[in-house]
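Contents: one structure, followed by commentary.
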Amino acid sequence: MSQDIPFPIGDLPHPAREDLVLAQVLFALSDPARLAIVAQLVAGPVDMARCQLQDPSIAKSTKSHLMRVLREAGVIRNEPKGRGRRLSLRRDDLDHRFPGLLDAILASAPAVVAEPI
């Protein structure tokens, strides 16, 4: 018996590079949990199911909301991959639109970046 997905896993809306707004990006990066996700994605794309948060007791719905805020601000890309989703940092878009911003924010939060997630 084949297991069909009841609906296709579609792509979610992402703002275009030229539509990134500094205030939204800064808001998305202002939360320690969201910043920890971004720090994890600096090393490369991660399957959403494997993306770890510092507090493993965080509910799945909260984790999903954290990802949504980052995606809607244009900080990450959330794309379908098989039956799951793949997260990646939109570093090129952020560096093009706001040169040096991501590096400055990550450098100013060494405790978040240094902790294993």
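In my numbering, the protein residues as written are 651 to 767. We put the beta carbon where it would ideally sit given N, CA and C, even for glycine.
Check: Roughly how many whole angstroms lie between the Cα atoms of Leu691 and Cys701?
Finding: 9 Å
Next item on the list: Examine the Cβ distances between the stretch 708-719 and the stretch 740-759 and report whether three or more of them are shorter than 8 Å.
Entry: no
Check: With distances taken from CA atoms, which of Arg747, Ala759 and Ser758 is nearest Glu668?
Finding: Arg747
Note to self: Is the beta carbon of Gly724 closer than 9 Å to that of His664?
What the structure shows: yes
Check: If you draw a straight line from the alpha carbon of Leu662 to that of Asn728, how long is it in whole angstroms?
Finding: 7 Å
Margin query: List, from N- to C-terminal side, the beta strand (DSSP E) runs of 3 residues or more that fit wholly inside the stretch 690-734.
Written below: 726-731
Notebook entry, point to check: Quick one: what's got a C-beta closer than 7 Å to Arg684's C-beta in the same chain, skipping five residues either side?
Noted result: Ala678, Leu716, Val719 and Leu720
Margin query: Can you tell me whether Val696 is buried or exposed? The criterion is at least 16 other CB atoms within 10 Å of its CB, across all chains shown.
Written below: buried
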